[in-house]
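If you count the sequence shown from 1, position 125 lands on 125 in this note's numbering, and the numbers rise without skipping.
I have placed the structure first, in the form of C-alpha cells, so that the comments after it can refer back to it.
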Amino acid sequence: MDFYEVLYTRRSIRSYEDTPIPDDVLNRVLDAARVAPSGANYQPWTFIVVRDGKLRKKVAEACHRNLFIADAPVIIVACGHPFNVNYNRGGFMGNLSAVQDVTIAFTHLILAARAEGLGTCWIGAYDNEGIKKALNIPELAYVAALSPLGYPKDNTFRRTDRRKSLEEIVKIDKYASR
C-alpha cells in the first residue's frame with residue numbers, strides 16, 4: 001500500500017472482527033515500532049501484546065470502561081521506562097523525552113497496522129496503575145499509550161476532510177508577527 005494512502009486513510013476503529021492476527025503480520029507491525037527513532041537510540045519502550053481474553057477485559061475496564069477495546073483480538077500496551085538508567089538528554093524535556101520516543105514508536109506501529117489492513121484506536125484515557133497491576137508492569141515503567149488491534153468489522157478506512165487546512169497549522173519563520 002502506498003505510504004500516503006496509509007496516512008490519509010488511517011481511522012480510529014472501534015469495532016473489530018473476531019479474526020486472529022497471523023503471527024507474521026503482528027511481527028511486522030511490532031517490528032515497525034522497533035525500528036522507530038529515539039533520542040540517543042535509547043529505545044525506552046516495551047510493548048506488551050495482550051491476547052488473553054480475561055486480561056483484555058481488565059485492560060478495557062481500566063480504560064474508563066471502553067469495553068470495545070476488549071473486542072479486538074489483541075491489545076498493544078506501550079510502556080515507557082526512562083528512569084531505570086540515567087536517561088536525561090537535558091534541555092526542556094529532560095526525562096520526559098522518553099514519552100516522545102515511545103509516542104514516535106507507537107505511531108510507527110499504528111501506521112504499519114493500517115498498511116496491514118488492521119484497525120487501531122489510540123487510547124489515551126486509562127488508569128495507569130490499574131493497567132500496570134493487571135499486566136505486572138514494573139514500578140518504574142509507565143503506560144504511555146495503548147490500542148486495540150484487529151481487523152475492522154466494516155471497511156471503514158477512508159479519507160476525511162475533518163482536519164485543519166495547512167494554512168491553519170503552518171507558520172513560516174515565526175509563529176506570529178508582533
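All C-beta atoms in this analysis are idealised placements derived from N, C-alpha and C, irrespective of residue type, glycine included.
Is it true that the stretch 95-106 meets the stretch 138-149, where meeting means three or more beta-carbon pairs spaced less than 8 Å apart? In short, these stretches touch, since the Cβ pair count reaches three.
Which residue comes first and which comes last in the beta strand (DSSP E) that contains residue 142? DSSP places residue 142 in the uninterrupted beta strand (DSSP E) bounded by 142-150.
Using the three-state DSSP reduction, which class does residue 84 fall into: helix, strand or coil? Its pLDDT being 45, under 50, residue 84 is placed unreliably by the model, and the measurement read from it follows with that caveat. The answer is coil: DSSP assigns residue 84 none of H, G, I, E or B.
Are three or more beta carbon pairs between the stretch 157-174 and the stretch 20-29 nearer than 8 Å? Touching, no, given that fewer than three Cβ pairs across the two stretches are closer than 8 Å.
Span of the beta strand (DSSP E), counted from its first residue to its last, around residue 49: Its beta strand (DSSP E) spans residues 45-50.
Are the beta-carbon atoms belonging to residue 74 and residue 21 less than 9 Å from one another? Yes, the Cβ-Cβ distance between residue 74 and residue 21 is below 9 Å.
Spatial distance of residue 204 from residue 70 (CA atoms): Because the chain spans 1 through 178 in this model, residue 204 falls outside it and cannot be assessed.
Three-state secondary structure (DSSP) of residue 77: Residue 77: strand per DSSP, three-state reduction.
Could you name the residues of the same chain whose beta carbon sits closer than 6 Å to that of residue 64, not counting the 5 residues immediately before and after it, in chain order? Scanning its chain for C-beta atoms nearer than 6 Å, with the 5 sequence neighbours on each side dropped, one finds around residue 64 the residues 125, in chain order.
Residue from 36, 135, 67 with nearest C-alpha to residue 121: Between residue 121 and the set 36, 135, 67, the nearest pair of CA atoms involves 67.
When the Cα of residue 81 is compared with those of 61, 53, 132, which residue comes out closest? Measuring C-alpha to C-alpha distances from residue 81 to each of 61, 53, 132 identifies 132 as the nearest.
Distance, Cα to Cα, residue 117 vs residue 148? Straight-line Cα distance between these residues: approximately 14 Å.
Buried or exposed: where does residue 37 fall if 16 or more other Cβ atoms within 10 Å of its Cβ makes it buried? Classified as exposed, residue 37 has fewer than 16 neighbouring CB atoms from the shown chains inside 10 Å of its CB.
Residue 38 in three-state terms, based on DSSP: Coil at residue 38, not helix or strand.
Quick one: is residue 84 buried, meaning 16 or more other Cβ sit within 10 Å of its Cβ, or exposed? Low confidence applies here, because residue 84 scores a pLDDT of 45, under 50, leaving its location unreliable and the question unanswered by this model.
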